[in-house]
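Following this note's numbering, the numbering of the sequence shown begins with 552 at its first residue and continues without gaps. Here is the structure we will look at, set down as structure tokens.
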Amino acid sequence: MNFERENSLKSEYSRICGVDEAGRGPLAGPVVAAGVILPTDFDLQQINDSKKLSPKKREILFDRITANAIDYAIEFVDEKTIDEINILQATLLAMKRVVLKLKADFVLIDGNQKIDLNIVQETVIKGDSKVASIACASILAKVARDRFMVEQSKLYPEYEFERHKGYPTKLHREKILEFGACDIHRKSFLTKILKNGV
């Protein structure tokens, strides 16, 4: 984790925000972006890309990050907006909302896409495994989205969202073929499944 790089920027910028998202690939539910501004003395022990952590570990770290961050924000963009403007634009919209909410003056973004804002930005490929604040943002986004999908599973129990969180697993595809699409499915993502039965 290149936390030294982030701290060295603090002589020039007061609110350095790491941003990441969760949920670009699922067939159902929102895409979620999170942003985190870390203090210089933040304990990086066990912090890593959310995909490399167990669900239990992510939950523990979620609480530690939210309790100790200088500031953080989490924003959802729903499936209807994803269908309207596409998943890339929906992701960037969620990130933009996060940065505006945090009033960041320097943004470190996971990936290679900048946000449509007049703020100094730096993209970092695989930033969730290289940059501390991005790694923390990835954990917040992932946990927030997973919690949302577990709640949705109570409204739509037949799809078993608590098991796959809307991702295109074999089980989820089978449920779509059996029951069709529900309100939180991304209709633009389902064309091939509903047409070809795969």
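Even for Gly, the Cβ is constructed at its ideal location relative to N, Cα and C. Because the structure is a prediction, the values reported are computed rather than measured.
| task | Go ahead and pull the three-state DSSP assignment for Ile547. | result | Absent from the model: residue 547. The displayed extent of the chain is 552 to 749, so no value can be given.
| task | Apply the 10 Å Cβ neighbour rule to Ala663 and answer buried if 16 or more other Cβ atoms are within range, or exposed otherwise. | result | According to the sequence shown, residue 663 is Asn rather than Ala. The residue in question, Asn663, is exposed, as its Cβ has fewer than 16 Cβ neighbours within 10 Å.
| First and last residue of the beta strand (DSSP E) that includes Cys568? | Judged by DSSP secondary structure, Cys568 falls within the beta strand (DSSP E) whose first and last residues are Ile567 to Ala573.
| Is Ala620 closer than 8 Å to Val587 when the C-beta atoms are compared? | Closer than 8 Å, so yes.
| said: At the level of alpha carbons, what is the spacing between Asp592 and Arg698? | reply: Asp592 and Arg698 have their C-alpha atoms roughly 29 Å apart.
| Thr674, DSSP secondary structure in three states | In the displayed model, Thr674 falls within a strand according to three-state DSSP.
| message | I'd like the span of the alpha helix (DSSP H) that includes Ala645, first residue to last. | response | Segment Ile638 to Leu653, the alpha helix (DSSP H) holding Ala645.
| field | 7 Å Cβ shell around Val650 - same chain, five flanking residues per side excluded | value | Once the five neighbours on either side are set aside, the close Cβ partners of Val650 are Cys568, Val570, Gly586, Val658, Ile666, Leu668 and Ile670.
| query | How far does the alpha helix (DSSP H) with Glu725 in it reach, from first residue to last? | reply | Where Glu725 is concerned, the enclosing alpha helix (DSSP H) stretches over Lys721 to Phe730.
| request: State yes or no: is the C-beta of Leu722 within less than 8 Å of the C-beta of His715? | output: It is a contact, given that the beta carbons lie within the stated cut-off.
| Rounded straight-line distance, which links the Cα of Asn599 to that of Ser559 | In this structure, the alpha-carbon of Ser559 lies about 21 Å from that of Asn599.
| query | Looking at C-alpha atoms only, which residue of Thr674, Tyr564 and Leu578 is the closest neighbour of Ile638? | reply | The shortest C-alpha separation from Ile638 is found at Leu578.
| said: Using only the alpha-carbon positions, how far apart do Arg737 and Ala641 sit? | reply: Cα to Cα, the separation comes out at about 12 Å.
| When we look at the beta-carbon of Pro590 and count the other beta-carbons within 10 Å, is it buried (16 or more) or exposed? | Exposed is the call here.
| query | In this structure, does DSSP put Glu626 in helix, strand or coil? | reply | Strand at Glu626.
| Quick one, are the C-beta atoms of Ala692 and Val583 less than 8 Å apart? | Against a cut-off of 8 Å, the Cβ pair of Val583 and Ala692 comes out as a contact.
| From Lys677 to Ile625, what distance separates their C-alpha atoms? | The straight-line gap separating the alpha-carbon atoms of Lys677 and Ile625 is approximately 20 Å.
| request: Taking only the alpha-carbon atoms, compute the straight-line gap between Glu673 and Ile685 and give it to the nearest angstrom. | output: Approximately 11 Å between the Cα atoms of the pair.
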